[in-house]
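See structure below.
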Amino acid sequence: MKLSVLLMFSFIMLSIGCTQPEYPKFTPDNVTFDVPDWAYDAVWYQIFPERFANGDPANDPPGVEPWGGVPTYDNFFGGDLQGVIDHLWYLEELGINAIYFNPVFKSLPNHKYHTTDYYKIDPHFGDEEVFRTLLDEAHKRGIRIIVDGVFNHTGPDFWAFEDIIKNEEQSEYLHWYNVYDFPIRVEHPPNYEAWWGLPDLPKLMVMHPDVKEYLFDVTKYWTEFGLDGWRLDVPNEMPHEFWIEWRPIVRNANPEAFIVGELWEDASPWLQGDQFDATMNYRFRNAAIDYFIDGSITTKEFNERLYAVLEDYAPQVSLVNQNLVGSHDTERYLTRAGNNLDAVKITAIMKMTHVGAPMIYYGDEIGMEGDDDPDCRRTMIWEKEEWNHDLRNLFINLIRIRHENPALRRGSFQTKLVDNRRNLFAFERRYEDNVVLVAFNNRGNEQSVKIRDIDDGTYYDVLNDREYHATGGSVQIDNIAPYRGAILVKQSM
């Protein structure tokens, strides 16, 4: 059953001197939201294919370097789709049920964002048969798969651009790009329109009927092939009109396909029900860094920052936004935290319990480090003795808790406590008869917290294995560890 557009959250701030509206400001007017039902329950895992696992050395590119080496912009380590198939057990063990892949289509660079052929799996990753096996094996395990759609630009070796290089003004594909003069110069500065002026990324004229038809056909082909959806690269660089026409292509091919855009700021223009289902929620990441790592904002400001995200989007969108703290485009969260594991752990608790679908960048759950691109794209560590097992076990436990409580996946949200003086924060998630209270102690000493205006009854802290009894509409949570939290689930009578 789809969540109705009439579903609303309660957002009430209970800090002294701080009142906020009860409902989000978003008021859809004759807009029908059609978010795939499975997306509400997703726990995402982002995989950069070239760096996850090398399952088939026979398809390694020339000059492949030993696994575990230092990543550069240009080197290869041999990661492929077979490597993912071989490690689906690992994702199952974590509790992952949705994967976002960086590009898998044929492209020369290691990151595969310079597309050569949209209809071919990159040969260093495998072929269509291997991709089919991956989809089938993942689906058997209840794992959905979406891939990067890079439609704004191609690589210079894309066949249409190569034809222009060869035939110049006589090329029948000249209108696919915006070329200023001839001969074509694939160098700085390019004499054609390119993404951010990068000569390796000639920009497609996506609104030309021929180009649009081609990209729509590509979309239909792979969606019908078995994809569960798309993550869209730099969609803000393309007209809204394209995406409005593109969405029905996807949904007609797979009515349950999920569409998420790479939009770093307020994504509301793309989330009106006619384009995308969700955004990569970098605003969540920014707030987490400011509060849990840098301490540059108060608890009240942290709450307001998260609330602002919820205000901007329809409830259905907020519930399926990909809440992330790291990706292939950012430094690793542990590295950004200065190797402060406490900050990583309390952030993980927040990410798994707040509104939205949590997304883990491969290896973050075992304590992988890495600075900005390309260092954040290190090879996955498979030597178990090098894992941070305590951190991994926390992730496994939090994911299990999320799966077991629909309130954390589909429920309403209400702030219950904002304490600037003691850096205490608490909220309630509620879905039907499932009620969950979540409290955070973002301070370096053990603290107790009293949460008011709640249902009476017995609550069990599923994170810390403790039982509490709420009477008179309040509960006292004792001795929350420094930079940790508590997750109290109301017990049925």
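Read in our numbering, the sequence shown has 918 at position 282, and its numbers run on one by one without any break.
Heads up, the beta-carbon is just placed ideally off N, CA and C, and yes, glycines get one too.
Predicted model only: the values in this text are computed from it and were never measured.
Delimiting residues of the alpha helix (DSSP H) encompassing residue i
| i | result |
| --- | --- |
| residue 1063 | Here residue 1063 belongs to no alpha helix (DSSP H); instead the beta strand (DSSP E) covers 1060-1067. |
| residue 867 | Taken as a continuous stretch (DSSP letters only), residue 867 belongs to no alpha helix (DSSP H), being part of the beta strand (DSSP E) at 865-868. |
| residue 719 | 717-722 |
| residue 1013 | Where residue 1013 is concerned, there is no enclosing alpha helix (DSSP H), given that its DSSP letter is neither H nor E. |
| residue 952 | 951-956 |
| residue 846 | 845-861 |
| residue 973 | First-last for residue 973: undefined, no H or E at that position. |
| residue 943 | 935-948 |
| residue 1026 | 1025-1040 |
| residue 886 | 876-889 |
| residue 800 | 795-803 |
8 Å Cβ shell around residue i - same chain, five flanking residues per side excluded
| i | result |
| --- | --- |
| residue 933 | 923, 926, 927, 941 |
| residue 1007 | 967, 968, 971 |
| residue 683 | 720, 735, 736, 737, 738, 998 |
| residue 1107 | 1092 |
| residue 664 | Bear in mind that a pLDDT of 45 at residue 664, under 50, signals an unreliable position, so the model cannot answer this. |
| residue 712 | 686, 696, 697, 699, 700, 701, 746, 760 |
| residue 774 | 724, 735, 780, 781 |
Cross-strand partners of residue i (DSSP beta bridge)
| i | result |
| --- | --- |
| residue 1094 | 1105 |
| residue 839 | 789 |
| residue 915 | 897 |
| residue 907 | Bridge partners of residue 907: none, in fact. |
| residue 684 | Answer is none; residue 684 lacks a bridge partner. |
| residue 830 | 838 |
| residue 1126 | 1095 |
Contacts around residue i, its chain only, beta-carbon distance under 7 Å, and the 5 residues preceding and following it disregarded
| i | result |
| --- | --- |
| residue 1063 | 1049, 1050, 1051, 1052, 1074 |
| residue 1112 | 1084, 1086 |
| residue 911 | 876, 879, 880, 883 |
| residue 872 | 899 |
| residue 1043 | 1065, 1066, 1067, 1070, 1071, 1072 |
| residue 661 | At residue 661, the pLDDT of 39 sits below 50, so the modelled position is not reliable and the matter cannot be decided from this model. |
Given residue i as reference, the closest of the options once Cα atoms are compared
| i | options | result |
| --- | --- | --- |
| residue 913 | 992, 1005, 1029, 855 | 992 |
| residue 917 | 865, 799, 846, 954 | 954 |
| residue 1039 | 793, 778, 786, 998 | 778 |
| residue 688 | 724, 708, 1066, 679 | 724 |
| residue 822 | 793, 759, 981 | 793 |
| residue 742 | 757, 974, 976, 735 | 757 |
| residue 869 | 718, 839, 773, 799 | 839 |
| residue 981 | 1024, 802, 945, 944 | 1024 |
| residue 906 | 950, 763, 857, 696 | 950 |
| residue 629 | 974, 837, 767, 825 | Residue 629 lies beyond the stretch modelled for the chain, which goes from 637 to 1129, so this question has no answer here. |
| residue 1096 | 1081, 1114, 805, 1082 | 1114 |
| residue 608 | 685, 1061, 975, 1037 | Any property of residue 608 remains undetermined from this structure, which presents the chain solely from 637 to 1129. |
| residue 901 | 921, 895, 888 | 921 |
Spatial distance of residue i from residue j (CA atoms)
| i | j | result |
| --- | --- | --- |
| residue 852 | residue 915 | 21 Å |
| residue 1003 | residue 1017 | 10 Å |
| residue 819 | residue 827 | 9 Å |
| residue 957 | residue 1118 | 29 Å |
| residue 702 | residue 748 | 20 Å |
| residue 781 | residue 866 | 9 Å |
| residue 908 | residue 671 | 12 Å |
| residue 720 | residue 963 | 18 Å |
| residue 1120 | residue 978 | 8 Å |
| residue 952 | residue 1047 | 11 Å |
| residue 861 | residue 698 | 30 Å |
| residue 885 | residue 1099 | 43 Å |
| residue 761 | residue 784 | 15 Å |
| residue 1012 | residue 708 | 10 Å |
| residue 831 | residue 1076 | 42 Å |
| residue 990 | residue 903 | 19 Å |
| residue 803 | residue 710 | 30 Å |
| residue 959 | residue 675 | 13 Å |
| residue 809 | residue 789 | 14 Å |
| residue 817 | residue 824 | 14 Å |
| residue 693 | residue 1105 | 57 Å |
Contacts around residue i, its chain only, beta-carbon distance under 6 Å, and the 5 residues preceding and following it disregarded
| i | result |
| --- | --- |
| residue 1027 | 1003 |
| residue 844 | 811 |
| residue 1056 | 934, 935, 936 |
| residue 890 | 859 |
| residue 753 | 742 |
| residue 815 | 828 |
| residue 1059 | 935, 1078, 1079 |
First through last residue of the beta strand (DSSP E) which encompasses residue i
| i | result |
| --- | --- |
| residue 966 | Element bounds for residue 966: n/a, residue is neither H nor E. |
| residue 995 | 993-997 |
| residue 738 | Element bounds for residue 738: n/a, residue is neither H nor E. |
| residue 1088 | 1083-1088 |
| residue 1075 | 1070-1077 |
| residue 756 | 751-757 |
| residue 1052 | 1048-1055 |
| residue 1114 | 1110-1116 |
heavy atom of the ligand ZN below 7 Å from residue i C-beta
| i | result |
| --- | --- |
| residue 734 | Ligands displayed in this structure: none; no statement on the ligand ZN is therefore possible. |
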